[in-house]
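>
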Amino acid sequence: MFNCAGLNKKDLKRFEELNRRRKEFNELNENFMDDYNSLGYAFQIFLLKKIKILKCGSDLAGFLWVNSLNKYNTTINAISVIDSVNMYQGFNILISLIKGNSSLNYSCMKNDFNFGILSESGFKKKDGTLELSKHLVNYNNIIYDENISFHVVEKGPLEKIRCELQNEIFKDVNRVPLKMEDIYFDELQNYYLKPGSILMRYKNNYIGYGQVIIEFNNATIVNFGILKKYRNRGFGKELLFHLLNIILIYNYNFAFIKVKSYNDGALNLYKSCGFKILSESYNWVLNR
Numbered sequence: 342m343f344n345c346a347g348l349n350k351k352d353l354k355r356f357e358e359l360n361r362r363r364k365e366f367n368e369l370n371e372n373f374m375d376d377y378n379s380l381g382y383a384f385q386i387f388l389l390k391k392i393k394i395l396k397c398g399s400d401l402a403g404f405l406w407v408n409s410l411n412k413y414n415t416t417i418n419a420i421s422v423i424d425s426v427n428m429y430q431g432f433n434i435l436i437s438l439i440k441g442n443s444s445l446n447y448s449c450m451k452n453d454f455n456f457g458i459l460s461e462s463g464f465k466k467k468d469g470t471l472e473l474s475k476h477l478v479n480y481n482n483i484i485y486d487e488n489i490s491f492h493v494v495e496k497g498p499l500e501k502i503r504c505e506l507q508n509e510i511f512k513d514v515n516r517v518p519l520k521m522e523d524i525y526f527d528e529l530q531n532y533y534l535k536p537g538s539i540l541m542r543y544k545n546n547y548i549g550y551g552q553v554i555i556e557f558n559n560a561t562i563v564n565f566g567i568l569k570k571y572r573n574r575g576f577g578k579e580l581l582f583h584l585l586n587i588i589l590i591y592n593y594n595f596a597f598i599k600v601k602s603y604n605d606g607a608l609n610l611y612k613s614c615g616f617k618i619l620s621e622s623y624n625w626v627l628n629r
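With my numbering applied, the sequence shown has no gaps in its numbers, which climb one by one up to 629 at the end.
So this is what it looks like as structure tokens:
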């Protein structure tokens with residue numbers, strides 16, 4: 342039999358174990374204790390009020406942590422139900438504790454069960470991000486068009502070309518255009534690999550950009566794209582394989598890349614080059 346309660350300091354030690362297990366339900370569930378431990382006493386008491394505990398008898402079986410942005414939108418920072426109980430029932434009991442008619446927003450990484458629970462509970466899947474990886478052992482290169490050349494972005498005029506090219510490739514009403522200061526800032530970051538910042542040139546025109554960064558000891562391709570009028574002509578594949586060669590030179594056996602769920606063209610390109618989906622993360626919304 343389930344019942345619910347607020348979180349108080351008396352149960353905090355037991356809750357810490359529940360918080361540690363939060364990723365069993367969703368890898369993207371936020372860490373409540375990190376926030377809690379960073380605050381002073383008065384703010385800790387305030388934060389405790391944002392937690393609802395699901396109990397099964399005397400045992401803690403799950404928890405909910407929300408942040409109401411306004412009366413129209415509520416963000417679920419974390420929701421978790423342990424797998425020893427009826428997860429669907431426990432999940433819906435926790436959701437029912439959120440009062441009002443605001444839309445509920447939740448970011449979730451797919452596992453064997455959580456997308457099913459969200460869907461059955463009335464949540465709708467919105468935009469998302471897919472992470473892909475490619476094993477580079479026995480990787481075979483392709484032969485480049487003789488009119489194509491690749492150029493490392495050195496300090497000077499090529500930095501401006503990179504900035505302008507990225508702004509054109511990724512132009513979107515919701516995207517703030519890059520400034521030169523953004524390029525300089527990027528070059529100062531620990532993840533930045535200078536030989537991995539590559540402009541693609543076709544005949545006399547720069548038509549694409551792609552970048553290899555090294556973060557958490559992984560080689561990841563970012564900011565990858567081709568100008569719109571040059572797409573669907575094989576240039577994307579050639580730029581991608583050039584970046585994979587750079588990753589091999591630096592002795593990494595795996596390459597990683599992320600793509601928006603709605604970008605079918607890019608996803609198909611990556612799959613055709615041997616990339617496999619590693620994880621799927623989506624924003625889910627429940628309109629009440």
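Note that CB positions come from ideal geometry on N, CA and C, so glycine has one too. Being a predicted model, the structure only gives us computed values, none of them experimental.
#1: Tell me the rounded alpha-carbon separation between Gly577 and Leu608.
#2: For Leu401, I'd like the list of residues in its chain whose CB is within less than 7 angstroms of its CB, leaving aside the five on either flank, ordered along the chain.
#3: Within a Cβ cutoff of 7 angstroms, which residues of the same chain sit near Asn564, ignoring the five residues on either side of it in sequence?
#4: Which stretch, first to last residue, makes up the alpha helix (DSSP H) that contains Asn452?
#5: Enumerate in chain order the residues of its own chain whose CB-to-CB distance from Glu487 is below 6 angstroms, with the five nearest sequence positions on each side excluded.
#6: To the nearest whole angstrom, what separates the beta carbons of Gly441 and Lys412, a pair I think is in contact under 8 angstroms?
#7: For Ile423, which three-state DSSP category applies?
#8: Please report the Cβ distance between Ile562 and Leu529, rounded to the nearest whole angstrom; I am assuming they are in contact, meaning their Cβ atoms lie under 8 angstroms.
#9: I think Ser622 touches Gly469, with their Cβ atoms under 8 angstroms apart; what is that distance to the nearest whole Å?
#10: Let me know if Lys569 comes out buried or exposed under the rule of 16 or more other beta-carbons within 10 Å of its beta-carbon.
#11: What beta strand (DSSP E) runs, 3 residues minimum, are completely inside the segment 494-577?
#12: Spatial neighbours of Cys345 within its chain, please: CB distance less than 8 angstroms, with the 5 preceding and 5 following residues excluded, ordered by chain position.
#13: Using 8 angstroms as the threshold, is the C-beta distance between Asn594 and Leu519 below it?
#14: To the nearest angstrom, how far is the alpha carbon of Phe491 from that of Ile548?
#15: Between the Cα of Phe456 and those of Ser620, Arg629 and Asn628, spot the shortest distance and give me the residue it belongs to.
#16: Among all the DSSP beta bridges, which residues are the ones paired with Tyr623?
#17: What is the residue span of the beta strand (DSSP E) that Asn344 lies within?
#18: Work out the CA separation of Ile588 and Glu365 for me, nearest whole Å.
#19: For Tyr533, which residues of its own chain have a beta-carbon under 8 angstroms away from its beta-carbon, when the five flanking residues on both sides are left out?
#20: Going by CA-CA distance only, name the one from Asn370, Ser444, Lys351 and Asn414 that's closest to Trp406.
#21: Nearest CA to the CA of Lys544: which residue from Tyr571, Gly537, Lys535 and Glu556?
Straight from the coordinates:
#1: 12 angstroms
#2: Arg355, Phe356, Leu359 and Ile394
#3: Gln507, Tyr550, Gly551 and Gln552
#4: Segment: none, Asn452 is in no alpha helix (DSSP H) and carries neither H nor E.
#5: none
#6: 7 angstroms
#7: coil
#8: Actually they are not in contact, since the Cβ atoms of Ile562 and Leu529 sit about 20 angstroms apart, beyond 8 angstroms.
#9: 6 angstroms
#10: exposed
#11: 533-543, 546-556 and 559-567
#12: Lys393, Ile394, Leu395, Lys396, Ile434, Leu435 and Leu438
#13: no
#14: 10 angstroms
#15: Ser620
#16: Cys449 and Gly469
#17: Phe343 to Gly347
#18: 32 angstroms
#19: Asp527 and Ile554
#20: Asn370
#21: Tyr571
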